[in-house]
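Asks:
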DNA sequence: ATTCCTGATTATAATTTTTATTAGGTTAAA
DNA sequence: TTTAACCTAATAAAAATTATAATCAGGAAT
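Protein chains in written order, with our numbering: chain V, 1 to 138; chain Z, 1001 to 1138.
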């Protein structure tokens, strides 16, 4: 968290109360929240904080490379971790689980002459918990 | 194409004119079109075909496992190929390029006890063409 | 301290994307 | 041919995101 703030300052990002608050909520969450979820949580502490600010802030943070934006399902989701890792989406409980793996192809830096900057892999399936509960409707 | 139709019939999917038309457009496209693009193209031949039908059909085809739905950017995009392959999204020209690779982890069928059914990997970066043109604003 | 400037925030409107509804039409089976 | 099931079109509604304009906050210069 402190490192992120330091890097943001170095990049010339103005660190307002609102931006710090968004960053904090994201850092303390492990469930890849949607914009709506982040906003709802913040409203408890900052009742006037607008949804637009959350959108703006998330964009600023992403452009600064301090958070990740995930395209899973209809809504965008956000991940405070920028370490190379991937995600498992369970069709049963709809959870998004972090996977501590990194893509061997991405590490090469390029493929077919295209320069790779990042990768986002989503594994779809049924998680261990749902398998146990027999929610595997295959 | 013929195989797809055969499999759809076997699965009990009613093959209407509209559904065939959507499937055909998708099969003849290599640029991973959005719902809007598919609809626009179809309107030329079928002026009354509604957007809702395109949405419905794409959902039917996806649930039947005959097409792939891609979450890249804001709009959903569709891919007629269900063979294991992945995608490269160029930040320069915004093209989506097919990558003829398959994920070694997905082939194992499971990870951390979670059952894998499919994977969707998106590599972000700058494509070979844009690199040449110096569009690599890194 | 006051004014000015820049950029952030708020509130709201507008747009875009997706899903739901409903009435009418088609299709396929009995 | 009649019935039941399902599909389509048109429309409305909902959900998600972006744009706009007014306001506000913090520094820099006066």
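Ideal Cβ positions, reconstructed from N, Cα and C, are used throughout, including at glycine.
Being a predicted model, the structure only gives us computed values, none of them experimental.
Return the residue from the list V/126, V/132, V/113 that minimises the CA-CA distance to residue 1154 of chain Z.
Replies: For residue 1154 of chain Z there is no data in the structure shown, the boundaries of chain Z being 1001 and 1138.
Asks: Between residue 122 of chain V and residue 106 of chain V, which are expected to be in contact by the criterion C-beta below 8 Å, what is the C-beta distance as a whole number of angstroms?
Replies: The pair is not a contact, with the Cβ atoms about 14 Å apart (cut-off 8 Å).
Asks: Alpha carbon to alpha carbon, what distance is there between residue 82 of chain V and residue 9 of chain V?
Replies: For residue 9 of chain V and residue 82 of chain V, the distance between alpha carbons rounds to 18 Å.
Asks: By the DSSP assignment, the alpha helix (DSSP H) with residue 25 of chain V in it spans what residues?
Replies: It spans 17-27 - the alpha helix (DSSP H) in which residue 25 of chain V sits, taken as one unbroken run.
Asks: Exposed or buried, what is residue 19 of chain V when buried is set at 16 or more other beta-carbons lying within 10 Å of its beta-carbon?
Replies: Buried, since its Cβ has 16 or more Cβ neighbours within 10 Å.
Asks: Shorter than 8 Å from the beta carbon of residue 1126 of chain Z to some beta carbon of chain V?
Replies: Yes, contact with chain V.
Asks: May I have the straight-line CA-CA distance separating residue 1132 of chain Z from residue 17 of chain V, to the nearest angstrom?
Replies: If you take the alpha carbons of residue 1132 of chain Z and residue 17 of chain V, they lie about 43 Å apart.
Asks: Could you please give me the residues that DSSP links to residue 110 of chain V through a beta bridge?
Replies: DSSP, once it has assigned bridges, lists V/115 as partnering residue 110 of chain V.
Asks: Taking just the CA atoms, how far does residue 29 of chain V sit from residue 103 of chain V?
Replies: Cα to Cα, residue 103 of chain V sits roughly 24 Å from residue 29 of chain V.
Asks: Can you check which of these residues, V/64, V/60, V/118, is closest to residue 85 of chain V by C-alpha distance?
Replies: Looking at the Cα atoms, V/118 is the closest of the given residues.
Asks: Which one or two residues does DSSP pair with residue 1090 of chain Z in a beta bridge?
Replies: Paired residues: Z/1125.
Asks: Quick one: does residue 115 of chain V have its CB under 8 Å from some CB of chain Z?
Replies: Residue 115 of chain V counts as touching chain Z.
Asks: Alpha carbon to alpha carbon, how far is residue 100 of chain V from residue 1109 of chain Z? Give it in angstroms, no decimals.
Replies: Using only the alpha carbons, I get a separation of about 16 Å.
Asks: May I ask you to report which of helix, strand or coil DSSP gives residue 40 of chain V?
Replies: Helix.
Asks: Grouping DSSP H, G and I as helix and E and B as strand, with all else coil, what is residue 138 of chain V?
Replies: Residue placement at residue 138 of chain V cannot be trusted, given a pLDDT of 44 that sits under 50; what the coordinates show is reported in the next sentence. Of the three classes helix, strand and coil, the one that applies to residue 138 of chain V here is coil, per DSSP.
Asks: Can you check which of these residues, Z/1074, Z/1003, Z/1026, is closest to residue 1058 of chain Z by C-alpha distance?
Replies: When each option's Cα is compared against that of residue 1058 of chain Z, the closest is Z/1026.
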